[in-house]
Amino acid sequence: MGKSRIVITCAKGVPPFLKEEILSLKLPVRSESIAGVETEGTMEDAMRLNLFLRTGQRVFFLVAELEARNADELYAGISRIPWEEVISPDEYLCVTSAVDNPTIRDSRFANVKCKDAIVDRIKKKYGRRPDSGPERTGAVVDLYWKGDRCWVYLDTSGEPLYRRGYRKIPLHAPMQETLAAAVIAATGWKGRGNFINPMCGSGALAIEAALIALNKAPGLLRKNFGFMHLRGFNRPSWNTMLQAAKVQVRKSFPGKIIATDIDPQAIRASRQHAAAAGVDHLIEFGVGDYSATPMPEGGGAVI
27 MGKSRIVITC AKGVPPFLKE EILSLKLPVR SESIAGVETE GTMEDAMRLN
77 LFLRTGQRVF FLVAELEARN ADELYAGISR IPWEEVISPD EYLCVTSAVD
127 NPTIRDSRFA NVKCKDAIVD RIKKKYGRRP DSGPERTGAV VDLYWKGDRC
177 WVYLDTSGEP LYRRGYRKIP LHAPMQETLA AAVIAATGWK GRGNFINPMC
227 GSGALAIEAA LIALNKAPGL LRKNFGFMHL RGFNRPSWNT MLQAAKVQVR
277 KSFPGKIIAT DIDPQAIRAS RQHAAAAGVD HLIEFGVGDY SATPMPEGGG
327 AVI
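Each number in my numbering comes from the position in the sequence shown (counting from 1) with 26 added on.
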């Protein structure tokens, strides 16, 4: 695949921080919305975004833009896309959508029409069709349909990027990891000086701070992305990216990260999550009241 539009979604209020991350990866910023940023690049650029972005939720790679006034025209338009060059009949397929069209009352119907168009074309080419369902563990196609215009994307992330892979024990109202990274970015803390996190809950803020301090790419914690299930996935190139990211990881940083909570269960969970992220050696955990949180000398950030 050549260059195409790439849309990265995020939480509301986060685009300014996501924009800075995209620019740091030497990619252009084409536009910015309330909950996303648009850039342009190749599939390998999309892979890099998935590996390095801390504040983005999903990375969508545009496949086609078409006109469709109703479900039949949608099916016809989707059928013209050469899906046999993108998705193997042996792959698992998930289709998602956001629909604002007067002829569609239930977006699930649009999902089915889009999915049928894809698998029917693949079946005509190979004599068999991919399995499909709601899980985002394989190839993921996303349909955005507004009025009579449709944009068809490959969700190169698959599972959302806030699912880093280190959170093992669910607690009440956990903060998403991508939002935690954005909150840290909003303080201006960049991994130098102290980071204090009282009422740490399941530890997302402290762990994300540790990843930032070590310059550890969040994508290193994941084993599966949507782009891995597409035809033409360049495994050697991906392995080279991983190796380059690993070389950039620091062993220590100038400062302390302190995370406390009055609930012993929260601290036990935070310790396990930090260990799963490979940063437990960098965080000082403690059980106690907010007012008893130790404050080291040298300044820093408190969240």
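All C-beta atoms, glycine included, are put in the ideal place defined by N, C-alpha and C.
Annotation for residue 284: the continuous beta strand (DSSP E) segment containing it runs 283-287. With respect to the C-alpha of residue 236, the residue from 140, 177, 297 and 166 having the closest C-alpha is 297. Here residue 245 carries a helix assignment [DSSP, helix/strand/coil]. Counting along the chain, residue 101 sits inside the alpha helix (DSSP H) bounded by residues 97-105.
Around the C-beta of residue 150, fewer than 16 other C-beta atoms lie within 10 Å, and the residue is accordingly described as exposed. If you look at residue 180, you'll find it in the beta strand (DSSP E) that goes 175-181.
Taking 8 Å as the cut-off, the beta carbon of residue 286 is found no closer than this to the beta carbon of residue 324.
For the pair residue 327 and residue 255, the CB atoms are not nearer than the 8 Å cut-off.
In this model, residue 209 and residue 39 are separated by some 10 Å (Cα to Cα). Residue 125 and residue 136 do touch by the CB rule: their CB atoms are close to 5 Å apart, below 8 Å. The beta carbon of residue 251 is closer than 7 Å to those of 76, 182, 183 and 184 in its chain, skipping five residues each way along the sequence. Here the alpha carbons of residue 223 and residue 90 stand approximately 45 Å from one another.
Under the three-state reduction of DSSP output, residue 119 falls in the strand class.
Three or more pairs of CB atoms, one per stretch, sit closer than 8 Å, so the stretch 63-75 contacts the stretch 27-37. Considering only 108, 131, 41 and 81, the residue with the shortest C-alpha distance to residue 96 is 131. In the structure shown, residue 134 adopts helical secondary structure according to DSSP, grouped into three states.
Note on geometry: alpha-carbon atoms of residue 81 and residue 110 lie some 33 Å from one another. Here residue 307 is not near residue 193, since their CB atoms are 8 Å or more apart.
Straight across, the Cα-Cα distance linking residue 290 with residue 188 is about 25 Å. Taken through DSSP and simplified to helix, strand or coil, residue 311 comes out as strand. Secondary structure at residue 188: coil, using DSSP grouped into helix, strand and coil.
For residue 75, the enclosing alpha helix (DSSP H) has its first and last residue at 69-78.
Sequence-distant partners of residue 101 (beyond 5 residues in either direction) whose C-beta falls short of 6 Å from its own C-beta, in its chain, are 139 and 143. If you look at residue 204, you'll find it in the alpha helix (DSSP H) that goes 203-213. Restricting attention to 50, 120 and 319, the CA atom closest to the CA of residue 155 is found in 120. In the DSSP assignment, residue 43 falls within the alpha helix (DSSP H) that extends over 41-50. Inclusion of residue 44 and residue 36 in the CB contact set at 8 Å is warranted, their separation being smaller than that value. Of the residues assessed, residue 163 falls on the exposed side of the cut-off, its CB having fewer than 16 other CB atoms within 10 angstroms.
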